[in-house]
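The block underneath contains the structure these notes are about, expressed in structure tokens.
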Amino acid sequence: MNSLPHGYRAIVIGATGAIGSAFLAHLRADPRCALAVGLGRHTSPAIDLDDEATIANAAQHLKAQGPWHCIIHAAGMLHGPHGLPEKRLGQMNYAQMEATFRTNTFGPALVLAHFAPLLPKQERGLLAVLSAKVGSIGDNRLGGWYSYRASKAALNMLLKTASIEVARTHPQAVLVALHPGTVDSALSAPFNGAEIGRRASDAAGDMLRVLDGLEAGETGGFYGYGGELLPW
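Structure below.
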């Protein structure tokens, strides 16, 4: 991450997932990175996206070691105990919609609220949330996947709105939503992820390169892993 100061510090939230652990490995392998911390449900401090107190506690715990120049939120869900993504209106149910939004939207929103203040105020800082191209309203041509699409579209709006506020106090900060592409992971496994997806390490490396090349004026954007600006 050549755009960040030598000795930069990084946080990866959702570090036990395929992409999160790949982000953490890349950052720890960067000789310019002085410290890279991975957070999840079973780390210390722990983060549970269903429990705001754990998010606030983790941010407070790490504040003294800051500022943190690179913060990446890599946690998310596509399917769970309530079923696979809905293909039809008739398959929607409250429990699945609530669970999807809690993990993909509400949790990341609270991460933004508690972790964005940890970015440096007078130096370059990067904060990224993992979104998905299927969350693009303008690019939706196939339909289906109601809860997942909507949760990521809402996440994009929260990120965009946060970027405007953070720019007032952290003028060199870049906050963006990133699309990783299809990755071979537990999230994509029911959809032939192993056959059509890339390695998590490749996806994380691509997204870090995109982050590294963005300028402060590009904050609030939605970018693909190849660097292209995606439609809302």
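The opening residue of the sequence shown carries number 7 in my numbering; numbering runs sequentially from there. Backbone N, C-alpha and C define an ideal beta-carbon position, used for all residues, glycine too.
Distance between beta carbons of residue j and residue i, contact taken as under 8 angstroms
i      : j      : result
VAL180 : GLU234 : The Cβ separation is near 16 angstroms, so there is no contact.
ASN271 : TRP238 : Residue 271 cannot be examined here, being either before or after the span of the chain that is shown, 7 to 238.
ARG204 : GLY187 : 6 angstroms
ILE25  : VAL189 : 6 angstroms
LEU124 : PRO73  : 6 angstroms
LEU184 : VAL216 : 7 angstroms
LEU55  : THR22  : Going by Cβ atoms, the distance from LEU55 to THR22 rounds to 13 angstroms, so no, they are not a contact pair.
Classification of residue i by the beta-carbon crowding that lies within 10 angstroms, buried from 16 upward
i      : result
TYR154 : buried
GLN102 : buried
TYR100 : exposed
ALA64  : buried
THR106 : buried
HIS48  : exposed
MET98  : exposed
ALA209 : buried
PRO243 : Residue numbering for the chain in the displayed model covers 7 to 238; residue 243 lies beyond these limits and cannot be assessed.
ALA222 : exposed
THR111 : buried
ILE53  : buried
GLY113 : buried
LEU148 : exposed
ALA50  : First, the amino acid is wrong: residue 50 is Ser here, not Ala. It is exposed - the Cβ of SER50 has fewer than 16 other Cβ atoms within 10 Å.
GLY46  : buried
Endpoints, the beta strand (DSSP E) within which residue i is located
i      : result
GLY233 : Element bounds for GLY233: n/a, residue is neither H nor E.
VAL18  : 14-19
VAL180 : 179-185
VAL189 : Where VAL189 is concerned, there is no enclosing beta strand (DSSP E), given that its DSSP letter is neither H nor E.
HIS79  : 76-79
ALA70  : Here ALA70 belongs to no beta strand (DSSP E), and DSSP marks it neither H nor E.
ALA105 : First-last for ALA105: 100-107, but that is the alpha helix (DSSP H), not the beta strand (DSSP E).
GLY44  : 39-45
Opening and closing residue of the alpha helix (DSSP H) in which residue i lies
i      : result
HIS120 : 113-121
ALA138 : From DSSP, ALA138 is part of no alpha helix (DSSP H); its letter is neither H nor E.
LEU217 : 206-219
ALA26  : Strictly speaking, residue 26 in this sequence is Gly, with Ala absent from that position. Where GLY26 is concerned, the enclosing alpha helix (DSSP H) stretches over 24-35.
LEU164 : 152-175
Near the ligand HEM: residue i beta-carbon under 7 angstroms from a heavy atom
i     : result
ALA16 : Looking for the ligand HEM in the displayed structure turns up nothing, as the structure carries no ligands at all.
**OP:** Report yes or no: do three or more beta-carbon pairs, one from the stretch 23-37 and one from the stretch 93-101, lie closer than 8 angstroms?
**Re:** Three or more beta-carbon pairs separated by less than 8 angstroms are not found between the stretch 23-37 and the stretch 93-101, which leaves the two stretches without contact.
Original post:
Does the count of Cβ pairs from the stretch 7-19 and the stretch 130-142 closer than 8 angstroms reach three?
Top reply: Here the stretch 7-19 makes contact with the stretch 130-142; the two share three or more CB pairs at distances below 8 angstroms.
Original post:
Quick check: the stretch 18-29 against the stretch 70-85, are there 3 or more CB pairs under 8 angstroms?
Top reply: When Cβ pairs closer than 8 angstroms are counted between the two stretches, the stretch 18-29 is seen to touch the stretch 70-85, the count reaching three or more.
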